[in-house]
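One rule links them: number in the working numbering = place in the sequence shown (from 1) + 22.
Note that CB positions come from ideal geometry on N, CA and C, so glycine has one too.
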Amino acid sequence: MMSNLSSLEITSEYVAALAAGDTERMNALRTPDFELDFVYGDASASGPLSSEETKQFWPSWLIGFPEMDYEVTRTIAAEDVVVTQWVFMGTHSQPLGPPIFEPVVKPTGRTIMFRGVSIYEISDGLITHETTYLDLATLMVELGIEP
23 MMSNLSSLEI TSEYVAALAA GDTERMNALR TPDFELDFVY GDASASGPLS SEETKQFWPS
83 WLIGFPEMDY EVTRTIAAED VVVTQWVFMG THSQPLGPPI FEPVVKPTGR TIMFRGVSIY
143 EISDGLITHE TTYLDLATLM VELGIEP
């Protein structure tokens with residue numbers, strides 16, 4: 023899919039879809055061979071998620087925080103790479119599991135806030151790869167889990 027949109031516009035649309043919980047739109051903005059790489063604490067020991075694994079991950083994460091707020095606080099864009107710094111806030115009301123939590127964390131009812139950075143690589147109008155660095159220690163403390 024060729025697009026007349028810039029990498030910044032594509033990423034902005036993707037982030038808006040994430041903030042709205044619109045996983046179908048997120049899926050449409052990624053390539054079939056997309057990979058999502060979470061980096062936290064153990065430097066991403068489990069490896070990147072495939073496109074299909076990513077399609078399963080986002081709905082399960084977003085359902086865990088139905089009252090979430092995802093705010094981008096800084097964006098840096100180049101021709102085919104966009105970096106966003108963000109803050110995630112939400113109330114944990116459904117179970118959370120892999121790839122971030124194993125074993126599954128039961129709902130705590132706690133309101134959490136943590137920060138992260140995502141790097142998006144774009145080619146031919148679609149996102150090919152996302153690497154997200156997140157503050158897992160703060161997230162665990164706010165959920166009442168020992169880091």
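Close-in-space but distant-in-sequence residues of the same chain around residue i (CB under 6 Å, 5 per side omitted)
i: L118; result: G86, V127
i: V105; result: I98, I141
i: A41; result: Y92
i: M90; result: G112
i: T133; result: T113
i: R47; result: A39
i: G69; result: none
Sub-9 Å separation of residue i and residue j beta-carbons
i: D102; j: E143; result: yes
i: P88; j: Q107; result: no
Residue i: first and last residue of the uninterrupted alpha helix (DSSP H) it sits in
i: M135; result: Note, M135: premise wrong, no alpha helix (DSSP H); beta strand (DSSP E) at 133-145.
i: I122; result: Unbroken run through I122: none, as it is neither H nor E.
Own chain residues within Cβ distance below 7 Å of residue i, not counting five before or after
i: T130; result: H114, L165, G166
i: S66; result: Low per-residue confidence applies at S66: pLDDT is 48, beneath 50, and the placement is therefore not dependable enough to give any value.
i: N49; result: K77
Whole-number beta carbon distance between residue j and residue i, since they are thought to touch under 8 Å
i: T45; j: L84; result: 7 Å
i: I149; j: T53; result: 7 Å
i: P125; j: F79; result: Contact doesn't hold; Cβ gap of about 16 Å is too wide.
i: V37; j: V94; result: 6 Å
Span of the beta strand (DSSP E), counted from its first residue to its last, around residue i
i: T153; result: 148-156
Same chain only: Cβ atoms within 8 Å of residue i, ignoring 5 sequence neighbours per side
i: S29; result: A99, A100, E101, D102, V103, V104, Y142, I144
Uninterrupted alpha helix (DSSP H) stretches inside the segment 35-62 (no shorter than 4 residues): With a minimum length of 4 residues, the continuous alpha helix (DSSP H) runs that stay inside the segment 35-62 are 45-50.
Residue ranges of each beta strand (DSSP E) within the segment 77-121, 3 or longer: Here the runs fully enclosed are 91-99, 103-113.
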